[in-house]
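Visitor: If you scroll down you'll find the structure; I have some questions about it.
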Amino acid sequence: MKLIKQLFVLLVLLCATQAFAAPEVGRDYKLVQPAQPTHDSNKVEVLEFFFYGCSHCYHLHPLLSAWEKKMPKNVELIYVPTIFNPGWEPMANTYYALELMGKQKQLHDALFNAWNVDNIDLGDEARIAAFVGRHGVDSKSFSDSYQSFSVQSKVMRSKQMAQSYRISGTPTLIVDGKYMISGLQPEDAIRVLGEVVEMARKEHGGKR
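Residues in the sequence shown are numbered from 567 upward in steps of one, following the numbering used here.
This is the structure we're talking about:
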């Protein structure tokens, strides 16, 4: 009986060790080859390639939002709306139009819910303008931003970034242009994100 208890304790300890083991390349994250330049070399950059209609992005979203509120000061989270087919492009335009208006954070949750909870058709500019209008954003100003050169340039840039990083699915997290996290359950993705960010911060000298 004593031997059985000892074996049980060893098994529990082994499981705990595996559960909190340091993230491994190839298992928890991949190396981006070649590494890509970041927006600000003084900060650890985290990119999330996402689509509002992606159910996996929807489930990751609340955990990532909570993580963002507690992330170190020298870490920057940047959302990158991803376009795998023409049907996804209106949401990229929407994201950048709202960002240009200073309204992106105001509607971020609502857009995820519209796609994943309420099944609202947001497939074209007219429907999207009506939707944002119902959520306190001026529809005319939104349409002007939606069609602006600035927004089109940002959408083109997001396409180029997805190609440079060889993004094949959403959500995908990129840390500091070097490390890719994808295909994990939301809780595991956030755990690995935190650990890889700390690894990148050490490479930056650990400044907060």
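Ideal Cβ placement from N, Cα and C applies to all residues, glycine included.
Return the Cβ separation of L629 and P752 in integer angstroms, given the expectation that the two are a contact with Cβ distance under 8 Å.
Guide: Position 63 of the sequence shown holds residue 629. Position 186 of the sequence shown holds residue 752. So it is a contact: roughly 5 Å between Cβ atoms.
Visitor: Can you tell me whether S724 is buried or exposed? The criterion is at least 16 other CB atoms within 10 Å of its CB, across all chains shown.
Guide: Walking along the sequence shown from the start, residue 724 turns up at place 158. Under this definition S724 is a buried residue.
Visitor: Could you give the distance in angstroms between the alpha-carbon of K768 and the alpha-carbon of A696?
Guide: Taking the first residue of the sequence shown as 1, we reach residue 768 at position 202. Taking the first residue of the sequence shown as 1, we reach residue 696 at position 130. Using only the alpha carbons, I get a separation of about 46 Å.
Visitor: Look at the alpha carbon of E691 and the alpha carbon of A755, and state the distance between them as a whole number of angstroms.
Guide: Here residue 691 refers to the residue found at position 125 of the sequence shown. Here residue 755 refers to the residue found at position 189 of the sequence shown. Distance between the alpha carbons of E691 and A755 is about 33 Å.
Visitor: For V641, which three-state DSSP category applies?
Guide: Position 75 of the sequence shown, counted from the start, is the residue given in the question as residue 641. Strand, per DSSP.
Visitor: Sorted by chain position, which residues of the same chain lie with C-beta nearer than 6 Å to D594's C-beta, five sequence neighbours on each side aside?
Guide: Numbered from its first residue, the sequence shown carries residue 594 at position 28. Hits under 6 Å: V758.
Visitor: May I ask which residues mark the beginning and end of the beta strand (DSSP E) holding E590?
Guide: By 1-based counting over the sequence shown, the position of residue 590 is 24. Run containing E590: none; DSSP gives neither H nor E here.
Visitor: Among residues of its own chain, excluding the 5 on either side of D704, which ones have a beta-carbon nearer than 6 Å to its beta-carbon?
Guide: Position 138 of the sequence shown, counted from the first residue, corresponds to residue 704. No residues qualify anywhere along the chain.
Visitor: If we count the other Cβ atoms within 10 Å of its Cβ and call it buried at 16 or more, is S631 buried or exposed?
Guide: Position 65 of the sequence shown, counting from 1, holds the residue named residue 631. Looking at its Cβ environment, which holds fewer than 16 other Cβ atoms inside 10 Å, S631 is exposed.
Visitor: Could you name each continuous alpha helix (DSSP H) segment of 4 residues or more that falls completely within the region 680 to 745, going from the start of the chain to the end?
Guide: Here the runs fully enclosed are 691 to 700, 705 to 712 and 715 to 730.
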